[in-house]
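> Here it is: the structure, laid out below.
Protein chains: 2
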Amino acid sequence: MNVQELMHSIGIQARDAAVVMARASTVQKNQALEAIAEQLLADTATLQAANEKDLSAGKSRGLDAALLDRLALTPTRIAAMAEGLRQIASLPDPVGEITDLCTRPSGIQVGKMRVPLGVIGIIYESRPNVTADAAALCLKSGNAAILRGGSEAIHSNQAIAQCVRVGLESQGLPATAVQVLETTDRAAVGELLKMKAFVDVIVPRGGKGLIERVSNEARVPVIKHLDGICHVYIDDQADMDKAVAVAYNAKTQRYGTCNTMETLLVAEGIAAQILPMLAERYLQAEVELRGCDKARTIVPAMTTATEEDWATEYLAPILSIKVVSDMDAAMSHIRHYSSQHTEAIITENWTRARRFLNEVDSSSVMINASTRFADGFEYGLGAEIGISTDKIHARGPVGLEGLTSQKFIVLGDGHIRL
Amino acid sequence: MNVQELMHSIGIQARDAAVVMARASTVQKNQALEAIAEQLLADTATLQAANEKDLSAGKSRGLDAALLDRLALTPTRIAAMAEGLRQIASLPDPVGEITDLCTRPSGIQVGKMRVPLGVIGIIYESRPNVTADAAALCLKSGNAAILRGGSEAIHSNQAIAQCVRVGLESQGLPATAVQVLETTDRAAVGELLKMKAFVDVIVPRGGKGLIERVSNEARVPVIKHLDGICHVYIDDQADMDKAVAVAYNAKTQRYGTCNTMETLLVAEGIAAQILPMLAERYLQAEVELRGCDKARTIVPAMTTATEEDWATEYLAPILSIKVVSDMDAAMSHIRHYSSQHTEAIITENWTRARRFLNEVDSSSVMINASTRFADGFEYGLGAEIGISTDKIHARGPVGLEGLTSQKFIVLGDGHIRL
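Respectively, the protein sequence lines represent chains U and B.
For the first sequence, counting from 1, position 389 maps to 389 in my numbering; every step adds exactly one.
To convert, take the position in the second sequence, counting from 1, and add 1000; that gives my numbering.
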């Protein structure tokens, strides 16, 4: 079987499994999640042995320490995976929810019913826990999944896949509802991205290179996020304490996350007052500061920010700072450089807060809150498959609901159209 | 300027206009729609003169009578266009709606705000009224639009575009919020389909050839519907009167629409009773019947349905009829041949009705109602830009809401993440 035939046969199996998954009951799906969790715990030794193969292959390929750490499956991490599955089991089932049911003048009742998307393809890198996590989200939302992990985690992923299959079958669900590709052939990804007949949506999770490839090659719809170039704008009517707290938190609470602030915009009227206070805290935390000329006049301990800085997601203890004349200038900078992930304003001014909230076109827009809150758990989605910076279908953190769609339902009593 | 440069400059203007449209007030948008309506009526003579150029070009190109009729702009049709704009003005504004606002354990308030998509590209054929209609839907939903009509209607479309521009500018809105392409170069469409930076979604409206081309070439998300192969399944526990009324209405109320039934599935247990009654009515209405062997045994006045028939959207007074053993067989036929547009069951059986509603994976699923109800107006959307048979973003009739997205909003008081 060549790669195309292989992928088509996987696609057909996924399509068939999706029909079964769509009508699986909530209890059945939750019990399957619980069974998978138990299997992962029972198979801890097997998982570690498989992981050991990946780790030693990684070492001999010269992977760096950070990558090897991400790849490692310890008993603690396996327990955390199992706990993640149980948390997903405890979330409300989105499937079958009926909303907006109303009676029309013709006499028919019209409403919307939430339904699974069908088959979801997920392409990801490194961390093997994504295999369990992504499988669980697809399962709970009544979808079938085709998962393609990184080749460096192939043995770990296959061992986890085996636990998923055992759990599914223990509840009478098809093992093919979650298929983890065994081939490491890159052509398999190319095929997956083009199988419109078998795949309803692709979710890439990983570095920018992966996401750009998927986005450019896919003929199937994609839920993705490319960059997280998030901004905080401190207005001249900001509360100083709130502004310092939020701007500090948004940068330093974690450096490597997509909702971390990368550029701080400060209104000219407050810059001389607030920048020295903020700079002191950032420098204590060893954050490198890169500023515009005005910012550097106020805080000389900054290097000069270049055009490239405004367009960079550092994912590191580096912050670019720009002094702007007012909120309109801030919004204009955001329009130009933002990746439409998350932006926040700090202000006590009612009208400006409302304008910022209405006019900034990002997946999350915040008033007086840290950009670090842009996260499925913090928003109450319970779990997230990713954060979308697209506008179609799902925007911002994508939870179970983002893996579903709504169909119209019409209830009648022999109604005909006149 | 070559086509690529031209399209990029149109894209940049649309992007800029979208920023203004997104913050336009409901009153401003409604008054612009009213101004466009008035301008269309005032320019009736100009519109007819432009239309005359298209009609005579069409005649000399040998367009058939049906196409020429669709192309014609009469004073009645111009008045209907103006009335359509006023109806869209009277619909609720979807933009700015805030839902699901709740307070999280962290103290932040999280909700969703409905926002325009940005720039919408619409590619359509023949009927010039689509120019006004599509422009109005985009305008009301706070979007900018790039419209590309058929070359056979170029003069009519440009005359309508002029009215749209006058109306927009009269309310201080940018004329570039609705750009109707003046070029008939096919390469312009190719460019439009690839301009990810400037276009958020493409909506093709027209024949299957157009939609397939758009779907295959687009790198921008597409809201489309390809086929309307709709089914009615008459269960053996159906009420006979309701079954006859609905099955007759679903086929004969209009033949050329996408929500017209193309295949009738009848349970074996009721076929001998109901098929003769139904056939009599269909044959009176001069509907050609094509049946499976079992159906033909009951009603010999049918030709034999081929494999191709089950997969054909006739859009004509032709109906294929299949006798199936039970609802599961009907659902299996639907899974195989349906275009996932609209399917209906006729039954008095509670459990079967619920199963059909849950398990059939189409954009509209109906119980005891005619498929002809699958329509934006009948569903109370007020207007529709099309009917989507995709699952991502919008499914079924797409109204103003389908031209919007939701962003997350977070309201805090200096909240930081711990």
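From the three backbone atoms N, C-alpha and C, an ideal C-beta is built for every residue, glycine too.
Quick one: using the 10 Å Cβ neighbour count with 16 as the cut-off for buried, is B/Gly1167 buried or exposed?
Locating residue 1167 of chain B in the second sequence gives position 167, where the first residue counts as 1. Buried.
> Tell me the rounded alpha-carbon separation between U/Ser339 and B/Val1020.
Residue mapping note: residue 339 of chain U aligns to position 339 of the first sequence, counting from 1. Residue mapping note: residue 1020 of chain B aligns to position 20 of the second sequence, counting from 1. Taking the straight line from one Cα to the other gives about 20 Å.
> Give me the residue from U/Arg148, U/Ala17 and U/Met1 with the minimum Cα distance to U/Glu182.
Against the first sequence, residue 182 of chain U aligns to sequence position 182. Ranking U/Arg148, U/Ala17 and U/Met1 by Cα distance to U/Glu182 puts U/Arg148 first.
> When you compare only the Cα positions, how much space is there between B/Thr1306 and U/Glu125?
Counting from one through the second sequence, the residue named residue 1306 of chain B turns up at place 306. Counting from one through the first sequence, the residue named residue 125 of chain U turns up at place 125. One C-alpha to the other measures close to 48 Å.
> Going along chain B, which residues have a C-beta under 7 Å from U/Met327?
Counting from 1 along the first sequence, the entry for residue 327 of chain U is found at position 327. Those within 7 Å of U/Met327 in chain B number zero; the least Cβ separation is about 13 Å.
> Measuring alpha carbon to alpha carbon, tell me which of B/Val1095, B/Asn1129, B/Glu1038 and B/Leu1411 ends up nearest B/Gln1072.
Indexing the second sequence from 1 puts residue 1072 of chain B at position 72. Inspection of the sequence shows that residue 1072 of chain B is occupied by Ala rather than by Gln. It is B/Asn1129.
> Show which residues of chain U have a CB atom less than 7 Å away from the CB atom of B/Asn1358.
Position 358 of the second sequence, counted from the first residue, corresponds to residue 1358 of chain B. Correct list: Arg23 and Gly96.
> Under 7 Å between C-beta atoms, does U/Asp200 make it to chain B?
For the purposes of this step, residue 200 of chain U is identified with residue 200 of the first sequence, where counting begins at 1. Answer yes: the Cβ-Cβ gap between U/Asp200 and chain B drops below 7 Å somewhere.
> For a cutoff of 7 Å on Cβ pairs, would you count U/Tyr379 as touching chain B?
Within the first sequence, residue 379 of chain U is the residue found at index 379, counting from 1. Yes, contact with chain B.
> Quick one, which residues of the stretch 381-401 of chain U are near chain B if we go by CB-CB under 8 Å, in chain order?
Asp390, Lys391, Ile392, His393, Arg395, Gly396 and Pro397
> Per DSSP, what are the beta-bridge partners of B/Cys1258 in this structure?
Locating residue 1258 of chain B in the second sequence gives position 258, counting from the first residue. According to DSSP, B/Cys1258 bridges with nothing at all.
> Where in the stretch 1321-1386 of chain B do unbroken runs of the alpha helix (DSSP H), each at least 4 residues long, occur, reported from the N-terminal end onward?
1327-1337 and 1350-1359
> Quick check on this structure: which residue in U/Ala37, U/Thr131 and U/Asn30 has the alpha carbon closest to the alpha carbon of U/Leu91?
If you number the first sequence from 1, residue 91 of chain U lands on position 91. Per the Cα distances, U/Asn30.
> Residues of chain B with CB closer than 9 Å to the CB of U/Ile409, please, in chain order.
If you number the first sequence from 1, residue 409 of chain U lands on position 409. Correct list: Leu1357, Ser1364, Val1365, Met1366 and Ile1367.
> So which residues on chain D does U/Pro221 lean against when the C-beta distance must stay under 7 Å?
No chain D appears in the structure shown, which is made up of the protein chains U and B.
> Given U/Lys294, which residues of its chain have a CB within under 6 Å of its CB, disregarding the five upstream and five downstream residues?
Along the first sequence, one-based indexing puts residue 294 of chain U at 294. The beta carbon of U/Lys294 is closer than 6 Å to those of Val323 in its chain, skipping five residues each way along the sequence.
> Within 8 Å, do at least three Cβ pairs link the stretch 1270-1283 of chain B to the stretch 1229-1248 of chain B?
yes
> List, in chain order, every chain U residue whose beta-carbon is nearer than 7 Å to that of B/Gln1284.
Counting from 1 along the second sequence, the entry for residue 1284 of chain B is found at position 284. Going along chain U, no residue has its Cβ under 7 Å from B/Gln1284, so there is no contact; the nearest lies around 17 Å.
> Spatial neighbours of U/Arg61 within its chain, please: CB distance less than 8 Å, with the 5 preceding and 5 following residues excluded, ordered by chain position.
As a working note, residue 61 of chain U is residue 61 in the first sequence. Leaving aside the five residues that flank U/Arg61 on each side, the residues in its chain whose CB is nearer than 8 Å to its CB run, in chain order, Glu152.
> Would you give the residue range spanned by the alpha helix (DSSP H) that U/Gln473 belongs to?
Outside the shown range of chain U, which is 1 to 418, sits residue 473 of chain U, and nothing can be said about it.
> When DSSP builds the beta bridges, which residues end up paired with B/Thr1263?
The residue given as residue 1263 of chain B occupies position 263 in the second sequence. DSSP lists B/His1231 and B/Ser1320 as partners of B/Thr1263.
> Just to confirm, are B/Glu1191 and B/Met1007 a CB contact at a threshold of 7 Å?
Walking along the second sequence from the start, residue 1191 of chain B turns up at place 191. Walking along the second sequence from the start, residue 1007 of chain B turns up at place 7. In this structure, B/Met1007 lies closer than 7 Å to B/Glu1191 by Cβ.
> Can you list, in chain order, the residues of its chain with a C-beta nearer than 7 Å to that of U/Pro81? Leave out the 5 residues immediately preceding and following it.
In the first sequence, residue 81 of chain U corresponds to position 81, counting from 1. Checking the sequence, you will find Met at residue 81 of chain U rather than Pro. Result list for U/Met81: Leu40, Asn129 and Ala132, in chain order.
> Say whether the stretch 1374-1391 of chain B touches the stretch 1008-1015 of chain B, bearing in mind that this needs 3 or more beta-carbon pairs closer than 8 Å, one atom from each stretch.
no
> Per DSSP, which residues does B/Ser1388 bridge with? Please list them.
Taking the first residue of the second sequence as 1, we reach residue 1388 of chain B at position 388. The partner list for B/Ser1388 (beta bridge, DSSP) reads B/Gly1396.
> As an exercise, report each continuous beta strand (DSSP E) stretch of at least 3 residues that is fully enclosed by the stretch 1126-1163 of chain B, in chain order.
1144-1148
> Let me confirm a value: U/Gln179 is counted as buried when at least 16 other C-beta atoms fall within 10 Å, else exposed. Which label applies?
Taking the first residue of the first sequence as 1, we reach residue 179 of chain U at position 179. Under this definition U/Gln179 is a buried residue.
> Helix or strand or just coil, what does DSSP make of B/Arg1213?
Residue numbering aside, residue 1213 of chain B sits at position 213 when the second sequence is read from its first letter. Looking at B/Arg1213 - three-state DSSP - the assignment turns out to be helix.
> Among all the DSSP beta bridges, which residues are the ones paired with B/Cys1292?
In the second sequence, residue 1292 of chain B corresponds to position 292, counting from 1. B/Cys1292 is not bridged to any residue.
> So, is the C-beta of U/Lys242 closer than 7 Å to a C-beta in chain B?
In the first sequence, the residue the question calls residue 242 of chain U occupies position 242. It does: the Cβ of U/Lys242 has a partner Cβ on chain B nearer than 7 Å.
> Using DSSP with H/G/I as helix, E/B as strand and the rest coil, what is B/Ser1025?
Stepping through the second sequence from its first residue, residue 1025 of chain B is reached at position 25. B/Ser1025: coil per DSSP, three-state reduction.
> If you count every other CB in all the chains shown that lies within 10 Å of the CB of B/Ile1098, and 16 or more means buried, which is it?
Position 98 of the second sequence holds residue 1098 of chain B. Result: exposed.
> Tell me B/Phe1408's beta-bridge partners as DSSP assigns them.
Your numbering for residue 1408 of chain B matches position 408 in the second sequence. B/Phe1408 pairs with U/Ser364 and B/Lys1112.
> Please list the partners that U/Gly412 has in chain B, where partner means a Cβ-to-Cβ separation under 9 Å.
Mapped onto the first sequence, residue 412 of chain U falls at position 412. Per Cβ cutoff of 9 Å: Lys1242, Val1246, Ala1344, Met1366, Ile1367, Asn1368, Ala1369, Ser1370 and Phe1373.
> Ignore the nearest five residues each way along the sequence and tell me which others in B/Thr1176's own chain have a CB closer than 6 Å to its CB.
Position 176 of the second sequence, counted from the start, is the residue given in the question as residue 1176 of chain B. The residues are Gln1013 and Ala1017.
> Would you report the Cα separation of U/Ala369 and B/Ile1409, rounded to the nearest angstrom?
Working through the first sequence from its first residue, we reach residue 369 of chain U at position 369. Working through the second sequence from its first residue, we reach residue 1409 of chain B at position 409. So the alpha carbons of these two residues sit roughly 10 Å apart.
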